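Chains as they are written, first to last, in the working numbering: chain A, 6 to 337; chain B, 18 to 265; chain C, 16 to 301.
From the three backbone atoms N, C-alpha and C, an ideal C-beta is built for every residue, glycine too.
Note that this is a predicted model, so its numbers are computed, not measured.
The next block holds one structure in the form of structure tokens; read it before the comments.
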Amino acid sequence: MMTRFRYLLVPVLAALLYFAPAIAGGSGAIYSAFVLMAIFAVMAYGLDLIVSDLGEVSLAHTVFFAVGSYTTALLSTRLGAGGWTTLAASLAAALIFATVLGLITLRLREFVFSLVTYAIAVVAATVAQNWSFLGGSDGLRGIPPLDMSFLGISLKAGNDREIWPFAFALLCVVLYLVERFRRSRLGSAAIMSHLNPRLAIMSGVDPQAVRLKVFLFSAPLTAAAGWLYAYQRAYVSADILDSYFLILMLTAVVLIGRRVLLGPLLATMLVLSQEKFLSLGGYADKIVLGSVLVATLAFFPGGLIGLFRRLRSALRTRPSISQEATSLDRTV
Amino acid sequence: MSDRSESFVLRASDLKVAYAGNTALSIEQIDVRRGEVLGVVGANGAGKSTLVNALAGWSRGAPRVSGQVMLDGVDLSAMPPHERARAGLLLVPEGKLVFGEMTVDENLSSLVGMSQDADRRFYDREAVFELFPRLSERRNHLGSQLSGGERQMLGIGRALMLGPRALMLDEPSIGLAPRLVSTVLQTMRTLASTGLAVLLVEQNVRAAIDVVDRLVLLERGRVVAQGPADAMRNDPRIAQAYLGASST
Amino acid sequence: MNFGQQLINGLVMGHAFALVAIGWTVLLGVARLVNFGHGQMYMLGAFVTWFAIATLGMPYLVAIPIAIVVGVLVGLLMQRIMLQATFEQNLVSIMIMTLGFGYVLHGAAALFFGSTGQILDTPLSSKEIAFGDLWLTWQDAAIIVVAIVEFIVLKLIIDRTRIGRLVRMVAEDPKLAELAGVNVRNVYLGVFAFEGAAVAFAGAMVGPRTPILTSMGFDEVIMTFVVVVLGGIGSVTGSYLAGIALGLFTAFFGAMVSPAYTTAAAFVVLIAVLVLRPGGLAAGAR
């Protein structure tokens with residue numbers, strides 16, 4: 006990338022994105038779309054670390070999202086807690102769940118790990134549906150508007166337009182954290198464990214400890230998205246554990262390309278734009294989303310960026326006779 | 018149909034294997050003739066396994082493979098591994114070469130009705146047991162329960178059941194006691210005398226050179242020397258490879 | 016709680032679980048493939064059967080093969096699309112793709128069959144067999160018989176036939192199998208076709224027991240997962256026994272504690288086993 010211009014580019018892009026909903030007309034629907042894009046992108050970034058960096062499939066991140074939402078809903082409706090309290094509680098709750106989950110799955114192999122996380126999500130959905138403490142099938146209603154006022158500065162958000170700055174801020178914070186993670190030692194250890202576990206071990210990296218730590222780092226990110234989502238929707242119910250969120254997250258992670266910082270954000274924007282502005286109807290949209298996910302992994306596993314690169318090099322050079330690998334998860 | 022006027026059974030031409038721009042193997046031409054044992058030697062990483070894997074149509078990872086592989090006049094270059102095996106180019110790989118969870122009998126079961134080619138000999142189970150009596154004593158044992166030498170015999174036996182025109186072995190002597198090594202290598206000699214073309218990849222040059230007709234020396238993916246075994250014995254580069262292999 | 020009745024319920028449910036899980040046993044054991052679309056394929060089998068009977072007016076015995084054929088086609092299509100990833104043993108891609116497929120199946124089924132619950136009525140599900148105050152429907156009895164027969168046939172095929180040997184070779188080492196002349200790609204296609212057929216068949220047989228919804232399938236995946244892992248991955252006999260055990264556990268737990276949380280309870284049992292013995296209960300786990 007153009008590193009020299011990065012210091013200029015980042016603030017410019019950020020400003021563009023911040024004012025984008027206003028530029029696009031500023032209606033309630035536009036702001037709603039942008040807020041959801043930000044929230045779901047943040048949700049996806051948590052999973053991105055697990056899938057792209059660690060190389061595993063965690064299907065439990067929907068539970069972290071739900072934990073964030075339910076914690077927020079419970080504390081704000083039953084105890085009248087404010088925005089900062091609910092945020093802190095959501096992050097803490099996510100950490101607790103992630104710890105328990107991480108410890109349980111510590112010694113499990115790749116696909117057993119994924120199966121277990123899948124099952125946990127389904128069980129969580131059952132619990133959310135049936136436990137009256139969580140509102141049962143009705144859910145928890147009447148979540149008050151977001152209030153993050155402190156030191157006399159009023160920071161409230163009652164509708165999507167007012168929530169947008171908060172969503173934008175959350176997105177920026179998460180982008181920063183993800184970038185920092187990728188440059189950190191833990192981030193390198195994650196990649197090493199992913200690409201060559203044996204070599205990683207011989208370099209002093211403990212893959213199990215790494216997996217646990219990445220899990221613990223990623224869970225609060227997704228939970229934070231759930232926290233804000235509760236305020237945006239003003240009610241929380243078991244449908245927060247619907248597979249829609251999981252498929253959306255996965256598509257966001259793979260569509261643009263692995264370990265591309267803005268990838269999940271761009272992908273989320275694409276998917277939500279289709280949903281909000283080019284919808285073919287609820288179930289047809291499901292077919293579209295699922296198909297996009299499958300097609301990406303089957304035909305261009307390197308994401309749209311990988312596809313773009315391949316097209317560019319195919320147009321430049323003469324095509325070679327033999328095959329080339331297309332998968333990113335190459336094991337040598 | 019096979020063209021008998023050619024003296025070679027197996028020929029690799031312009032065979033190149035490249036990983037992300039790095040050439041792992043670049044061979045102009047290697048021939049194996051009917052009834053001969055061709056030895057391929059070289060230090061670790063010289064490309065010996067890459068060569069036989071590429072001939073068999075299989076590669077570790079996802080490299081670019083180009084070039085031509087001919088077997089008795091038939092061009093195998095576009096065929097996937099299982100079709101090359103059925104065409105008569107058999108590889109007994111290194112390491113995992115038998116099905117550990119099946120018995121010796123099951124490992125030596127024929128898969129499909131083989132083509133009735135007059136110039137291919139399809140061994141049946143009894144013929145394999147005749148060649149390797151030790152295996153018939155262990156016929157109900159699982160592959161994983163066999164010793165290293167027995168596994169090597171079983172691997173060779175399995176390949177013979179597919180009626181090879183050319184048989185390739187990747188380092189059969191690894192992990193075997195010296196006496197077994199010479200038994201296995203002598204079997205190669207015997208098989209070649211029945212008309213089979215044998216390509217033997219070996220790190221143990223000392224043992225191989227007594228058994229092969231011709232020798233090819235690989236270094237960093239290229240052929241640096243080749244010739245009849247007797248002539249190669251005196252080649253200084255072989256002595257170098259020899260020293261490199263003396264740790265086995 | 017009537018102990019005898021719960022025993023019968025447990026046995027019926029156990030055979031149902033085993034029937035649903037049989038496709039996974041082969042898929043996971045042979046090709047080391049995970050199919051997260053399993054639940055939706057089960058749902059599809061049930062709905063195609065329902066559609067054939069309720070809308071097209073076909074007899075049950077004709078509807079079943081139709082459902083199986085649809086299942087096979089779906090399985091083949093899935094595997095054909097995932098072939099590259101299968102060869103590279105790219106589990107992450109495969110898992111995510113099967114999740115995506117399941118989601119597409121859910122959307123397509125809801126679009127085509129509607130989102131309201133339906134009852135899969137068959138001539139067998141309304142008739143009962145009674146001994147004293149214990150009873151089960153003919154459908155239940157059919158499930159038991161069919162499951163037993165299917166497991167026996169599968170075991171015989173895997174252990175005694177040439178195809179079974181091919182499948183076991185690929186299961187153990189695909190590369191070695193290729194070098195031995197086996198067309199591994201066709202084996203993978205065949206195994207996925209079997210999964211499609213088996214799970215669709217299970218949908219046709221077990222579907223009549225409860226109302227069916229196009230949004231269902233998740234519980235079935237968990238139960239299948241529990242059965243396959245408890246029984247030892249790849250073990251046909253293990254899956255059968257684990258299925259029965261799970262069925263009995265579910266019946267008694269549902270009667271004594273709570274019917275809504277039976278899946279959760281089964282899952283907790285599995286977690287306990289996995290934590291204590293990561294290889295599963297049976298030996299021979301891969």
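Looking only at C-alpha atoms, which of the options sits nearest to residue i?
i: LEU42 (chain C); options: C:VAL185, C:PHE264, C:MET238, C:ALA192; result: C:VAL185
i: ALA102 (chain B); options: C:ALA195, C:ILE23, C:ALA69, C:ASN24; result: C:ALA195
i: VAL228 (chain B); options: B:GLU236, B:VAL218, B:ARG137; result: B:VAL218
i: GLY31 (chain A); options: A:GLY308, A:ASP211, A:ILE252, A:ASP165; result: A:ASP165
i: GLY29 (chain C); options: C:ALA266, C:PRO274, C:ILE248; result: C:ALA266
i: ARG180 (chain C); options: B:ARG81, B:VAL121, B:LEU232; result: B:VAL121
i: GLY72 (chain C); options: C:PRO138, C:PHE268, C:GLY249; result: C:PRO138
i: SER278 (chain A); options: A:ALA43, A:PRO16, A:PRO149; result: A:ALA43
i: VAL45 (chain C); options: C:ALA270, C:GLY269, C:VAL243; result: C:VAL243
i: VAL215 (chain B); options: B:GLY59, B:GLU123, B:VAL222, B:LEU232; result: B:LEU232
i: ARG223 (chain B); options: B:VAL49, B:SER24, B:GLY56, B:ARG151; result: B:GLY56
i: ALA82 (chain C); options: C:GLN94, C:TRP65, C:PHE128, C:MET97; result: C:TRP65
i: ARG114 (chain A); options: C:ARG47, C:ILE37, C:TYR276; result: C:ARG47
i: ALA279 (chain C); options: A:ALA130, A:GLY287, A:HIS66, A:PHE220; result: A:ALA130
i: GLU123 (chain B); options: C:THR70, C:ASP174, C:ALA213, C:VAL241; result: C:ASP174
i: LEU92 (chain A); options: A:ARG185, A:LEU191, A:LEU151; result: A:LEU151
Would you mind telling me which residues of chain C sit closer than 9 Å to residue i, beta carbon to beta carbon, in chain order?
i: ALA73 (chain B); result: GLU193, LEU194
i: MET119 (chain B); result: ARG180, ARG183, MET184, GLU187
i: LEU226 (chain A); result: What LEU226 (chain A) touches in chain C: nothing, since even the nearest Cβ is about 20 Å away.
Helix, strand or coil: which one does DSSP assign to residue i?
i: MET96 (chain B); result: coil
i: PHE233 (chain C); result: helix
i: LEU296 (chain C); result: Note that LEU296 (chain C) scores 43 on pLDDT, short of 50, meaning its location in the model is unreliable; the coordinates nonetheless yield the value given after this. In this structure, LEU296 (chain C) counts as coil in the three-state DSSP scheme.
i: TYR255 (chain C); result: helix
i: ARG301 (chain C); result: Annotation note: pLDDT 33 at ARG301 (chain C) (below 50); position unreliable, coordinate value reported separately. Coil.
i: THR77 (chain A); result: helix
i: LEU32 (chain B); result: strand
i: ILE310 (chain A); result: helix
i: TRP153 (chain C); result: helix
i: GLY122 (chain C); result: helix
i: ARG50 (chain B); result: strand
i: LEU283 (chain A); result: coil
i: VAL337 (chain A); result: Low local confidence applies: a pLDDT of 31 at VAL337 (chain A) is under 50, so the model's placement there is unreliable, with the coordinate-based value given in what follows. Reduced to three states, the DSSP call for VAL337 (chain A) is coil.
i: SER278 (chain A); result: helix
i: LEU26 (chain C); result: helix
i: GLY108 (chain B); result: Note that residue 108 (chain B) is Leu in the sequence shown, not Gly. LEU108 (chain B) falls in the strand class under three-state DSSP.
i: ASP122 (chain B); result: helix
i: ILE159 (chain C); result: helix
Please list the partners that residue i has in chain A, where partner means a Cβ-to-Cβ separation under 7 Å.
i: PHE233 (chain C); result: VAL127
i: MET112 (chain C); result: VAL299, LEU302, ALA303
i: ALA123 (chain C); result: ILE292
Interface residues of chain C around residue i at Cβ under 8 Å?
i: PRO189 (chain B); result: Ordered by position in chain C, no residue passes the 8 Å Cβ test against PRO189 (chain B), which lies about 15 Å from the chain.
i: SER161 (chain B); result: Under the 8 Å cutoff, chain C gives no residues; its nearest Cβ is about 10 Å from SER161 (chain B).
i: ASN340 (chain A); result: Residue coverage of chain A in this structure runs from 6 to 337, which leaves residue 340 (chain A) outside it and unanswerable.
i: PRO110 (chain B); result: LYS190, LEU191, LEU194
i: PHE146 (chain B); result: What PHE146 (chain B) touches in chain C: nothing, since even the nearest Cβ is about 19 Å away.
i: ASN135 (chain A); result: ALA275, TYR276
I want to verify the contact list: residues of chain C whose CB lies under 7 Å from the CB of residue i, in sequence order.
i: GLU285 (chain B); result: Beyond the ends of chain B as shown, which are 18 and 265, falls residue 285 (chain B); an answer cannot be given.
Along chain B, which residues have their Cβ under 9 Å away from the Cβ of residue i?
i: ARG177 (chain C); result: SER126, SER127, LEU128, VAL129
i: ASN105 (chain C); result: Simply none; closest approach about 11 Å.
Is residue i a contact residue of the ligand ADP, with contact defined as CB to any heavy atom under 7 Å?
i: SER154 (chain A); result: The ligand content of the structure shown is nil, which means the ligand ADP is not present either.
By the criterion of Cβ-Cβ separation under 8 Å, what are the contact partners of residue i in chain B?
i: VAL197 (chain C); result: HIS99, LEU128
Using a C-beta to C-beta distance shorter than 8 Å, which residues of chain A count as neighbours of residue i?
i: ALA279 (chain C); result: VAL128, THR131, VAL132
i: VAL49 (chain C); result: PHE116, SER119, LEU120
Inside the stretch 167–221 of chain C only - alpha helix (DSSP H) runs reaching at least 4 residues: Runs of alpha helix (DSSP H) with 4 or more residues, each lying fully within the stretch 167–221 of chain C, are found at 177–187, 189–194, 199–221, listed in chain order.
Which whole runs of the beta strand (DSSP E) in the stretch 172–256 of chain B are 3 residues long or more, in chain order? Counting only runs of 3 or more, we get 183–187, 214–218, 231–236, 239–245.
Extract the residue ranges of the alpha helix (DSSP H) inside the stretch 32–120 of chain C, only unbroken runs of 4 or more that lie entirely within it. Every alpha helix (DSSP H) of 4 residues or more that sits fully in the stretch 32–120 of chain C is shown, in chain order, as 53–69, 75–96, 98–102.
In chain order, which alpha helix (DSSP H) runs of at least 4 residues are fully inside the stretch 156–213 of chain A? Within the stretch 156–213 of chain A, the complete alpha helix (DSSP H) runs of at least 4 residues are 165–188, 190–200, 202–207.
Where in the stretch 216–275 of chain A do unbroken runs of the alpha helix (DSSP H), each at least 4 residues long, occur, reported from the N-terminal end onward? Fully enclosed alpha helix (DSSP H) runs of 4 or longer: 248–260.
The stretch 57–71 of chain B: which residues have C-beta closer than 9 Å to a C-beta of chain C, in chain order? Those would be none; no residue qualifies.
Those runs of the alpha helix (DSSP H) which lie wholly inside the stretch 16–95 of chain A and span at least 4 residues: Counting only runs of 4 or more, we get 33–53, 66–83.
Of the residues that make up the stretch 81–113 of chain B, which ones have a beta carbon closer than 7 Å to any beta carbon in chain C? So the list reads PRO98, HIS99, ALA102, ARG103, LEU108, PRO110, LYS113, given in the order they occur along the chain.
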